[in-house]
Each structure stands twice: as C-alpha cells, then as structure tokens.
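Protein chains: 2
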Amino acid sequence: MAKKDNNIPETGITISKDEDFSGWYSELLYKADLADIRYNVKGFLVYRPWATITIKRMYRKYEELLEKNDHLPLIMPTVIPESNFKREAKHVEGFAPEVFWISEVGSEGEKLTERLALRPTSETALYPMYSYWIRSHNDLPFKRYQSCQVFRYEGKMTRPFFRAREFHWIEAHNVFATMKEAEEQVKEDMQMTYQMLQDEFCIPIIFFERPQWDKFSGAEKTFAADALMGSGKVLQLPSTHLLGQNFSKPFNVSFINEEGEKEYGYQTCYGPAISRIYGAMIAYLGDDKGLVLPFDLAPKQFVIIPILFKNKEEIVLKKANELFKKLKDKYDVELDDSEDSPGQKYYFWEMKGVPFRIEIGPRDIKKNQVIIVRRYDGKKYFVKENELDKILEELTSTYTKKLWKKAYVDFESEIEVCYEIDSAKEAIEKGKIVCCGFCSIDMEGYHCAEVVEKDIGGFIRGKRVGEEKHEFANCLVCGKPADCTVYIAKSY
Amino acid sequence: MAKKDNNIPETGITISKDEDFSGWYSELLYKADLADIRYNVKGFLVYRPWATITIKRMYRKYEELLEKNDHLPLIMPTVIPESNFKREAKHVEGFAPEVFWISEVGSEGEKLTERLALRPTSETALYPMYSYWIRSHNDLPFKRYQSCQVFRYEGKMTRPFFRAREFHWIEAHNVFATMKEAEEQVKEDMQMTYQMLQDEFCIPIIFFERPQWDKFSGAEKTFAADALMGSGKVLQLPSTHLLGQNFSKPFNVSFINEEGEKEYGYQTCYGPAISRIYGAMIAYLGDDKGLVLPFDLAPKQFVIIPILFKNKEEIVLKKANELFKKLKDKYDVELDDSEDSPGQKYYFWEMKGVPFRIEIGPRDIKKNQVIIVRRYDGKKYFVKENELDKILEELTSTYTKKLWKKAYVDFESEIEVCYEIDSAKEAIEKGKIVCCGFCSIDMEGYHCAEVVEKDIGGFIRGKRVGEEKHEFANCLVCGKPADCTVYIAKSY
Numbered sequence: 000m001a002k003k004d005n006n007i008p009e010t011g012i013t014i015s016k017d018e019d020f021s022g023w024y025s026e027l028l029y030k031a032d033l034a035d036i037r038y039n040v041k042g043f044l045v046y047r048p049w050a051t052i053t054i055k056r057m058y059r060k061y062e063e064l065l066e067k068n069d070h071l072p073l074i075m076p077t078v079i080p081e082s083n084f085k086r087e088a089k090h091v092e093g094f095a096p097e098v099f100w101i102s103e104v105g106s107e108g109e110k111l112t113e114r115l116a117l118r119p120t121s122e123t124a125l126y127p128m129y130s131y132w133i134r135s136h137n138d139l140p141f142k143r144y145q146s147c148q149v150f151r152y153e154g155k156m157t158r159p160f161f162r163a164r165e166f167h168w169i170e171a172h173n174v175f176a177t178m179k180e181a182e183e184q185v186k187e188d189m190q191m192t193y194q195m196l197q198d199e200f201c202i203p204i205i206f207f208e209r210p211q212w213d214k215f216s217g218a219e220k221t222f223a224a225d226a227l228m229g230s231g232k233v234l235q236l237p238s239t240h241l242l243g244q245n246f247s248k249p250f251n252v253s254f255i256n257e258e259g260e261k262e263y264g265y266q267t268c269y270g271p272a273i274s275r276i277y278g279a280m281i282a283y284l285g286d287d288k289g290l291v292l293p294f295d296l297a298p299k300q301f302v303i304i305p306i307l308f309k310n311k312e313e314i315v316l317k318k319a320n321e322l323f324k325k326l327k328d329k330y331d332v333e334l335d336d337s338e339d340s341p342g343q344k345y346y347f348w349e350m351k352g353v354p355f356r357i358e359i360g361p362r363d364i365k366k367n368q369v370i371i372v373r374r375y376d377g378k379k380y381f382v383k384e385n386e387l388d389k390i391l392e393e394l395t396s397t398y399t400k401k402l403w404k405k406a407y408v409d410f411e412s413e414i415e416v417c418y419e420i421d422s423a424k425e426a427i428e429k430g431k432i433v434c435c436g437f438c439s440i441d442m443e444g445y446h447c448a449e450v451v452e453k454d455i456g457g458f459i460r461g462k463r464v465g466e467e468k469h470e471f472a473n474c475l476v477c478g479k480p481a482d483c484t485v486y487i488a489k490s491y
Numbered sequence: 000m001a002k003k004d005n006n007i008p009e010t011g012i013t014i015s016k017d018e019d020f021s022g023w024y025s026e027l028l029y030k031a032d033l034a035d036i037r038y039n040v041k042g043f044l045v046y047r048p049w050a051t052i053t054i055k056r057m058y059r060k061y062e063e064l065l066e067k068n069d070h071l072p073l074i075m076p077t078v079i080p081e082s083n084f085k086r087e088a089k090h091v092e093g094f095a096p097e098v099f100w101i102s103e104v105g106s107e108g109e110k111l112t113e114r115l116a117l118r119p120t121s122e123t124a125l126y127p128m129y130s131y132w133i134r135s136h137n138d139l140p141f142k143r144y145q146s147c148q149v150f151r152y153e154g155k156m157t158r159p160f161f162r163a164r165e166f167h168w169i170e171a172h173n174v175f176a177t178m179k180e181a182e183e184q185v186k187e188d189m190q191m192t193y194q195m196l197q198d199e200f201c202i203p204i205i206f207f208e209r210p211q212w213d214k215f216s217g218a219e220k221t222f223a224a225d226a227l228m229g230s231g232k233v234l235q236l237p238s239t240h241l242l243g244q245n246f247s248k249p250f251n252v253s254f255i256n257e258e259g260e261k262e263y264g265y266q267t268c269y270g271p272a273i274s275r276i277y278g279a280m281i282a283y284l285g286d287d288k289g290l291v292l293p294f295d296l297a298p299k300q301f302v303i304i305p306i307l308f309k310n311k312e313e314i315v316l317k318k319a320n321e322l323f324k325k326l327k328d329k330y331d332v333e334l335d336d337s338e339d340s341p342g343q344k345y346y347f348w349e350m351k352g353v354p355f356r357i358e359i360g361p362r363d364i365k366k367n368q369v370i371i372v373r374r375y376d377g378k379k380y381f382v383k384e385n386e387l388d389k390i391l392e393e394l395t396s397t398y399t400k401k402l403w404k405k406a407y408v409d410f411e412s413e414i415e416v417c418y419e420i421d422s423a424k425e426a427i428e429k430g431k432i433v434c435c436g437f438c439s440i441d442m443e444g445y446h447c448a449e450v451v452e453k454d455i456g457g458f459i460r461g462k463r464v465g466e467e468k469h470e471f472a473n474c475l476v477c478g479k480p481a482d483c484t485v486y487i488a489k490s491y
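Keeping their order, the protein sequence lines are chains A and B. Just so we're aligned: 357 in numbering that gives the first Met the number 0 is position 358 of the first sequence, and the numbers increase by one with no gaps anywhere. Just so we're aligned: 381 in numbering that gives the first Met the number 0 is position 382 of the second sequence, and the numbers increase by one with no gaps anywhere.
Okay, here's the thing in structure tokens:
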C-alpha cells in the first residue's frame, strides 16, 4: 500500500469532530485517502483504495449473509426502458423526478426510439422477468439479490458516501405465496440489518415503521433503520419494504396456487446502501485522530513500527521483519520502515484506522517483548514473545465486539417524552429524540407532520418497531386522540 | 439452489454442439439457467444465479491476482462528462460511435448543461484524477484497477456473454516513469492472462500484437489474447495496451523526475472482460450434455443422488444425509432427494456442470462404498468408505488441471503455412489458422489486410508474441518484401 497516496503533508487530522463535524469529515476523507470530490460531475464521487477495500469487504459480508438466508445472486441491466418504468403509478410518481435519461447514442446523437432510465432502483427491471420465471407455488418463495449501483438526480445537497447521485447498494427482491410470509421476510430483513450494522459495522440503529407520507414509492409499508449519529441527529440506513401486491399486479408476477388458481405474489424488497453505510460507519466511529474501523474491515490490521536507534537498526529491522513474516499469513500487515520519525508514523497509521500498532525497539528486544497499541482506545500492551500468539488471538477476536460496546448508545437515554410542542422543540434543540403521542401515521396525520417539521425542527421517524405500549392520550400537535406513539428527530 | 429455476421440462440438451453451435449455445443458456435474453432492451442481458455465482468467483480470482501484483482497487463514477471524453483525439474517434449519452433528467426531461457518456471504458474518467494524484517519481509505479461494467452501442450482432451492449469487466490502469517499465507491465498483463485463462478457466489462448489498424483507440500498441475456439475460429479475449504518453500528455499525467524536471508518465491499460471470458469458457468447455466448469467455479461441486428402492429409502437417505453433512463444510454440495428418477437427476446435474456426482444405493451401502462420477469425462470411481477422504482430496485437487489438459489445443497443429492467396483461402475454409509473410502491420499494410478479409475470408490477427523467427521473403498479398510473419484466422 503506497503510503503517501495523495501527496499531502502528514499532519494528521486538525479539525475537532465535536466542534465542526463537516470540516472534520472532509479532512478525514481527504487525508486518509478515502474519496476524492474533484471529479467533474456534481454528486459523483471517486472512491480511493483505502475506502474501496473496506467497501468490498462489507459487500462480501452482506452477500454471505443474504445467501445464508437463501437469496441467490443475479445481475440485471443498468438501464430500464421508460415503458417498464411507468407501469406502477406511485412508483413512477416518486422516482421520475430523480431519473437520469439516456436518449441518444453515437457520434451523431441518434435518438433512441425509447428513452432508457439509469436505474434508480430495480423493481421495474426485475419484475417483468419475475413474471416469466415464476409460474407455480412450487417456485415460491423466490428470493434474489443483486449488488449494483443506482443513480438518482438528488436535488438535496450531496455529501460524500452519505448522499450521492450514484451510490452502491444491494437490493433483494422476494416473492411469496402469502402476505404472512412477506411480513416474516420483513422481520428477517430487520434481523439481518441488526446483525450487519451493529455486530459487524458497530453502528447503533433503531427500526421505525415510516409514516405513509415517507414510505417507498409503491410500497404498502416501509420499515427503516435510523442510525443514532450523536447529538440527537439520525441518519436513515437500510430500509425494507412490504410491497404486498402493488407491483405483482401491474407486472403480472403471479403463480398457480395449490388449488390450481392464478394468484398474484406478495412481494418485499430490501435495499442496504453499502456506500452510505460506509459513510455512516466512518463518521460515527471516527475520532479526532482519524478513522476507526472494525477489525475485519480494516485494509491493514496491523502496522509494525521499528524504533530505529543508531547502531541498533539492523537487529531491530531483523526482528520487525520476522514479525511481519509471521503475521502476514493470517492478517493484513504493514511494516513501516520508512524514514519518517516514529511519531509521524503513529499519527499516520492512527489516521488510517489500523486497529493495532506494534512497536519494536532495542529495549523491547532486550526484554523479549513488543508493545501493542490498540487504535480505538489507545490502550498499550507490553507482550512477552512467548505470549504473543495467545494475546494476538485474544486482542483480534475481541476488537470489534469491544468497539461495538464502546460505540453502543442506549436509545432510551437519548429520548425525552413530550406532551407539548414547546417542550418538544426545546428537547430537539438540546439534541434529544422526542417521544410523543400522534394522531396518525396514515395520510391524515400529514398536516401535523408538517407542523412538526416547521415548528419543532424535527421529522416524524415513525412508530418504533416492536414497541407495543402506547400511553399517550392526545396528538402532540392537533390534540385529537392519539392513534400511536411516534419519535421525532433531526436527521441528516 | 432451486432446481427447476426456469420452469422448463428437464429434457437435457438436445442440440449437438458440433452440428449447430449457435443452437446448442442458446439451448444451454436457457436450460441451465444461465441467462435470459428476454429483457426488453436490445443487447442487454439478464444474468441468472447459476452464471452469476461463477462470474463472481472469476472476479474474485482475477482481483486477488491483480492485488498480488500490486494493483489497488478503486471505484470510479459510471458517467464521463463529454469534455473529458473528447480530450484524446484518436480515443474519441474510436469510441464516440458507440457511446450512450445521458442528456436529460427528471420528469420534465430537463436538459443537462453537459452531456454525460455512459463509460465505454474509463481512461478519460480516470486520467484527470491521476493528474491530481501523481506528482513525483516517488508516486510511481502507480497501479490501480476497478471492477465495473461498461456500455457500448454495438452495431454488430450481439450474442449473450460474448458481445453485449453492457458487459462486466476489470480495467487496470498503470503509470510508470519509463517506457521500459510500461513494456514490462504489458508482459506482466500477458502473464496474468495466461495464469487466469488457461490455468484457472481452461481456455487455450495465444497472444498477438495487433496490427495498427486493429489497436485500441489511442494506444501505441495493443496485445490481445485470441482464444482457440475450435474449427479454426478465434475469439478475442483480454487485451493489454501500451499507451505510452498518448494519454498522459492531453490529461497532464506528469511527475517530477529525480532531476527535478517535469515529465509525462508512460501508461498501460488492461481490460479482461469477465462476462465475455465466462461466455468463452462455457462455450469452449461445454459438451452435448451441457456445462463443464472448472472445479472452483462450479456453483455446486458435488451432487449426492440417493438411489431409492422401496423399503430401503430410510437407510439410503440417512447415509446420503450423513455424506452431505460431511462434505458441505468444505465444498458446495447439493443433495437431490427430489422425486425425479435417478436418470432425470443425472441428466439435470450434468447439464448444470456439477464436477462430481455421488450415487448411493442400498447395494453400495452393503459394500461400504459410494460411486463417484466425474463430469468432464464420465469416469466412474467405486470408492470404499475408508478411502473416501483420500480419494476426494485427490479428485478435487486434480479436476481443473486434468480438465485443462483435455481442453488444451496445440496451437501448432492448427496452423497451415501458406505462400499464396488460394492455398490460404483453402486452409481457412478447412478451419485452419494461416501463417504467412506480410508486408507490414503498420498502416501501410492496411490495404493488404482488406484483401485478406475479402478474398481469404479471415482476419490478420497480428504478430505472435514471443515469436522471433521470420522466414517469409514476401507478403502473401502484394508480393512486396515481407516485414513480418502474421497469422490469419476466422473470428467470432
């Protein structure tokens, strides 16, 4: 791995994350060589190697889990003919404003007979194929996924990885014989999300059933994970959608049931946006020294730094090389024997998020030890040579679990229960998440949601999944009888 | 893995590959669930799970090799602004006729201020970034790759996997301080190609330096692998291009050399098209029973088929399940306990290219044995239970090597040396590759190449890489002194 990948002085991160999150995030992306925003098409990002390696590993973990849960991979074309795209009315209404259209080809700009959409999502590409492939109840459940990129002409401000006009995701599209099975799939999707985002990527999340005005265009219901990003702000991460028969009817995704009758399938889709999750992960776990990464996802897991004193160089380098050779069969290891000072090296590799630094100096060699420093908490371990294997095993196998424990936020401690608009506004301003009574997350509650946005400065995130209790008598906004308990938060 | 993935009767392959290659190939794609050509945009293919799993594994092998050879991965945007695209004159001349243009966005079809090309290849996206990233000789060599799809509005007939308007490839783009290093990289690219295509994918290839009229648009020289597809026809597979300074000058990919002077980099690019290689592989290795795949690339490597006789079902199923559990930790295994007859199962899984079938019947249980049948040659092994581990190890570790030995074609035996147009024409008609003298593979030989195409019915593939000898006095076509030895073949 070339060290100075972007030709900048190695000063480390200079902006405090707490004081200026945006400044800190930009500096991190640039100095740790994660992304380049200078590509000359607005909203399109260049992913540099240090980010790409991690993103590929995140994909692999997600794909393995999907396959373990009986999803098979496929690859669809990137383009969708306009006529397909228009077959589900609400879907097209929601996505059409964001479509990039291919309408001409070749040097003379010959017009295509039908415009092609760069896929913003693949329902309208896939489901005509599903109608060929699914015939009988024996073909169900039918579970497929693809890893691909999608394109959306976002009007909102873009932020590298968080929101871009091209992003990288996985989309899973399933068909079932009954609504009940589709509902079970939604639960499995949420389960997979917790497993990946919390256990593997160390991002704390909560699932909400989104209000009807905030659901996926064409879905019956949308369940979305909100990541708790600190100071009360949330970020939407993977969402899973109960489509019911909304798409299976216009796209004729039907099957002959056990009684020999034609029936339309019950569908779900699930879309973890890997590039966005990556952004959330580095933003959430990073600190003022730079990147912090889960152990498996770090492009380099160890950096060995020989402490070179005059006349002792040879013996130290020999030892460092021995250790490098020992570790590299099992881990991703870097041996930094460049001419920088040890201090410069420490700063640099901390910024890159390498989970463990191993220091070896002449005094350590005398004592038959190495010093291991853990990235996320800076803890130092003086490890005797004969205990090295055991300690490494212990440190590496617990790194991500302990990082998760540190990163975990108790959702309850972020919440303030409110009964009035004024106190809700105050709570939101203090960086809290508001819990309150609300008239309805169906369309009749939309007006009250607008008030929440305007007067409280937050968004209705929806009903918390799995929360049965509902103790509010009245809607926070209109005072009518409250149909449900909802949560309000600021969001990215 | 759902068995009847496309709802067709399990009749196996009915068309002979030798008699009707196109018919055989189409039937294979359809019945083995590899691809679906019914997507309603011409030249855009749907890749089904059985092909997708193999293609992903091919990607992984290729990426590992590139990384081993010091290439780092990155991810570029899919779109290229028109102004970038036009910066190298010959490049735009070559690729412009094939570009899909994005020129409008949103529901109202708002015009973009600048048209965006769907990348047909990424030089003009990447090299402006390279000019930011590369500053000094210390940054060189600079080796990067990305795995992505590219889009070309092909006028020619498309054939699934072989030639499509969207295809999946890897592109590696490297910068060096000297032309000599760039030339060494071209050799490394060819070495990697042999290693992947022959050792891993079992496709015999030969490298040619292409004539100047057939090189990559903008390159100094192009070196391309031709696969020997049988009956004298060749198929172009990966090519590597010596770009020299043709792109580094217009894109300002420069560096400060050791003398402190600005110098333009020397570049190479390399583009193995994984989806095309997949097509070549299944077309080349497949037989009248269906798919044949290298061991590592088979989505299922073993299928266990219990032979069920009345009253013996329980004991046989128990044994089959035991074996399934034993194998599945190490291999991809299917246990086919469906109600189809053993014969139907044999046909089906042979068609799918599963390397080994294991049969277990009541008689085998009595004899403490299983029967293992190898896909590519149908050879049967009666294996005693206490020898199973040893034999499995032996059979699996040698499968691909032996398949390659069977698939290997001695290039020399396909060649006919010719001194006259008539004999060359005859040789091409007989399915041979012609070796002859030729005036020049620089542009002054172009007219003779046109004659070869028209009168002989083949194409000049170029000079064979590594072949030093040149014993022809005259050009086959014009009779002028021959500058080089070339090969002529029919091509896909």
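C-beta atoms are modelled at their ideal positions from N, C-alpha and C, and glycine is treated no differently.
Taking a C-beta cut-off of 8 Å against chain B, the contacting residues of the stretch 85-109 of chain A are A95, P96, E97, V98, F99, W100, I101, S102, E103, V104, G105, S106 and G108, listed in chain order. Relative to the Cα of A/K327, the nearest Cα in the group A/K311, A/P298, A/F347 and A/P341 belongs to A/P298. Rounded to the nearest whole angstrom, the CA to CA distance from B/F94 to A/E219 is 45 Å.
Below the 8 Å Cβ cutoff, chain A contributes L71, P72, L73 and R143 as neighbours of B/P48, in chain order. The C-alpha of A/E333 is placed about 23 Å away from the C-alpha of B/F175.
Counting only residues of its own chain and dropping the five nearest sequence neighbours on each side, A/Q368 has a CB closer than 7 Å to the CB of F381, V382, K383 and E384.
Taking a C-beta cut-off of 7 Å against chain B, the contacting residues of the stretch 52-63 of chain A are I52 and K55, listed in chain order.
Going by DSSP, A/S490 is part of no alpha helix (DSSP H) but of the beta strand (DSSP E) stretching over C483 to S490.
Residues are counted here when their Cβ sits less than 8 Å from a Cβ of chain A; for the stretch 153-167 of chain B these are E165 and H167, given in chain order. In the DSSP assignment, B/T51 falls outside any beta strand (DSSP E) and within the unbroken alpha helix (DSSP H) covering P48 to K67.
Annotated as distal: A/M75 and A/S25, with beta-carbon spacing of 7 Å or more. B/T13 sits in coil when the DSSP states are folded into three classes, being neither helix nor strand. For A/L241, the secondary structure class from DSSP, reduced to helix, strand or coil, is strand. For A/A319, the enclosing alpha helix (DSSP H) covers residues E312 to K327. Shown here for B/F215: same chain residues with a beta carbon closer than 6 Å to its own, the five before and five after excluded, namely T221 and H240 in chain order. B/H167: member of the beta strand (DSSP E) spanning E165 to F175, first to last residue.
The continuous alpha helix (DSSP H) containing B/K405 extends over residues L387 to A406.
Counting only runs that start and end inside the stretch 151-232 of chain B, the beta strand (DSSP E) elements of at least 3 residues fall at 165-175, 204-208 and 220-227. The shortest C-alpha to C-alpha distance from A/Q244 to any of A/E411, A/Y193, A/L236 and A/G264 is the one to A/G264. In this model, A/F301 and A/R356 are separated by some 6 Å (Cα to Cα). Taken through DSSP and simplified to helix, strand or coil, A/G289 comes out as strand. Chain A has no Cβ within less than 7 Å of the Cβ of B/Y29.
Taking every protein chain shown into account, the CB of A/K110 has fewer than 16 other CB atoms within 10 angstroms, so this residue is exposed. Shown here, A/E109 sits in a strand according to DSSP, grouped into three states. Taking 7 Å as the CB threshold, A/N310 stays off the interface with chain B. Around A/D335, no beta-carbon contact reaches into chain B at under 8 Å, the shortest distance being about 15 Å. In this structure, B/E66 is the residue among B/E66, B/I204, B/N83 and B/P159 with its C-alpha nearest to the C-alpha of B/K142.
Taking a beta-carbon distance threshold of 7 Å, A/Y263 does not count as an interface residue toward chain B. In the DSSP assignment, A/V450 falls within the alpha helix (DSSP H) that extends over Y445 to V450.
With a threshold of 16 other beta carbon atoms within 10 Å, A/N173 meets it and is buried. For A/N251, no chain B residue has a C-beta closer than 9 Å to its own C-beta; the minimum C-beta separation is roughly 14 Å. A/Y129 is outside the set of residues whose beta carbon lies under 7 Å from a beta carbon in chain B. Nearest C-alpha to B/I52 among A/S146, A/R118, A/A124 and A/F84: A/S146.
Counting C-beta pairs closer than 8 Å gives fewer than three between the stretch 316-325 of chain B and the stretch 284-293 of chain B, which falls short of the contact rule.
Among the residues of chain A, those whose CB is under 7 Å from the CB of B/F43 are P76 and V78, following chain order.
Distance from the CA atom of B/R373 to the CA atom of B/I12, rounded to whole angstroms, is 18 Å.
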